[in-house]
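Numbering (the UniProt record's numbering), first residue to last: 1 to 182.
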């Protein structure tokens with residue numbers, strides 16, 4: 001789920017800045033997204049040259065994670081550059097989010113279930129463990145936000161209405177708008 005979370009945060013982070021001053025922010029966000037691929041490629045390279053044994057398919061899941069990371073980089077690039085973002089891209093992004101949820105949970109469960117990877121392939125084990133923890137944390141954040149999004153979808157402006165300065169979440173987020181978005 002962290003793939004979805006990073007691209008989602010990049011989308012909203014670039015919108016915090018005025019339209020005429022987003023150039024450097026866009027470059028920074030894209031470079032930040034690109035930095036996620038480096039440790040994964042390094043671990044796959046180390047595993048190909050080494051003779052580590054792992055009782056779970058962590059290397060296969062890591063390769064699938066690299067594919068998802070490239071998709072995350074593409075979504076981050078498109079969200080940082082496009083204004084407005086077409087609804088078709090948003091729908092595709094949410095399907096990508098569901099796929100990343102499944103991959104993140106499989107990665108975390110496989111990492112916890114392994115017995116030998118920590119000893120024989122420590123780089124792979126710790127990469128998978130850290131990405132799994134990040135996936136669980138980002139899933140938790142999105143699960144906490146989900147009821148607010150659903151209520152606001154069913155009853156528009158009941159959760160947060162900035163124009164009328166009212167709503168359930170108006171007081172908690174009036175000083176920190178990064179906590180809420182629709």
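Quick reminder that beta carbons are idealized off the backbone N, C-alpha and C, glycines included.
Because the structure is a prediction, the values reported are computed rather than measured.
From this set, 81, 148, 140, 43, which residue's C-alpha is nearest residue 128's C-alpha?
Counted from its first residue, the chain shown places residue 128 at position 128. Ranking the options by Cα distance to residue 128, first place goes to 43.
In this structure, does DSSP put residue 82 in helix, strand or coil?
Reading the chain shown from its first residue, position 82 is the one you call residue 82. Residue state, collapsed to three classes: coil.
Thinking C-beta only, is residue 29 closer than 9 Å to residue 74?
Counted from its first residue, the chain shown places residue 74 at position 74. Counted from its first residue, the chain shown places residue 29 at position 29. Cβ atoms of residue 74 and residue 29: not closer than 9 Å.
Taking only three categories from DSSP, how would you classify residue 20?
The residue given as residue 20 occupies position 20 in the chain shown. Residue state, collapsed to three classes: helix.
Measure the Cβ-Cβ separation of residue 125 and residue 58 and say whether it is below 9 Å.
As a working mapping, residue 125 is identified with position 125 in the chain shown. As a working mapping, residue 58 is identified with position 58 in the chain shown. A contact, by the Cβ cut-off of 9 Å.
Residue 93 and residue 136 closer than 9 Å at C-beta
Residue mapping note: residue 93 aligns to position 93 of the chain shown, counting from 1. Residue mapping note: residue 136 aligns to position 136 of the chain shown, counting from 1. For residue 93 and residue 136, no; Cβs fall outside 9 Å.
So, using beta-carbon positions, are residue 150 and residue 1 closer together than 9 Å?
On the chain shown, residue 150 is found 150 positions in, with the first residue counted as 1. On the chain shown, residue 1 is found 1 positions in, with the first residue counted as 1. Not in contact: residue 150 and residue 1 (Cβ atoms no closer than 9 Å).
So what's residue 182 in DSSP terms, helix, strand or just coil?
For this step, residue 182 is matched to residue 182 along the chain shown. Residue placement at residue 182 cannot be trusted, given a pLDDT of 43 that sits under 50; what the coordinates show is reported in the next sentence. Three-state DSSP puts residue 182 in coil, outside helix and strand.
Rounded to whole angstroms, what is the Cα-Cα separation between residue 53 and residue 132?
Within the chain shown, the letter at position 53 stands for residue 53. Within the chain shown, the letter at position 132 stands for residue 132. Going by the C-alpha atoms only, they are around 20 Å apart.
Just the C-alpha distance for residue 36 and residue 55, rounded to the nearest angstrom, thanks.
Reading the chain shown from its first residue, position 36 is the one you call residue 36. Reading the chain shown from its first residue, position 55 is the one you call residue 55. So the two alpha carbons sit approximately 25 Å from each other.
For residue 56, the three-state DSSP class (helix, strand or coil)
Sequence index remark: in the chain shown, residue 56 carries index 56 (1-based). Coil.
Residue 40 and residue 62: beta carbons closer than 9 Å?
Along the chain shown, read from residue 1 onward, the residue named residue 40 stands at position 40. Along the chain shown, read from residue 1 onward, the residue named residue 62 stands at position 62. In this structure, residue 62 lies closer than 9 Å to residue 40 by Cβ.
Could you give the first and the last residue of the continuous alpha helix (DSSP H) run that contains residue 49?
In the chain shown, counting from the first residue as 1, residue 49 sits at position 49. Note, residue 49: alpha helix (DSSP H), 37 to 49.
Roughly how many whole angstroms lie between the Cα atoms of residue 13 and residue 22?
Within the chain shown, the letter at position 13 stands for residue 13. Within the chain shown, the letter at position 22 stands for residue 22. Looking at the two C-alpha atoms, the distance is approximately 10 Å.
With distance defined between alpha-carbon atoms, name the residue in 17, 83, 65 nearest to residue 99.
As a first step, residue 99 must be located in the chain shown, where it is residue number 99. Comparing Cα positions, the closest option is 65.
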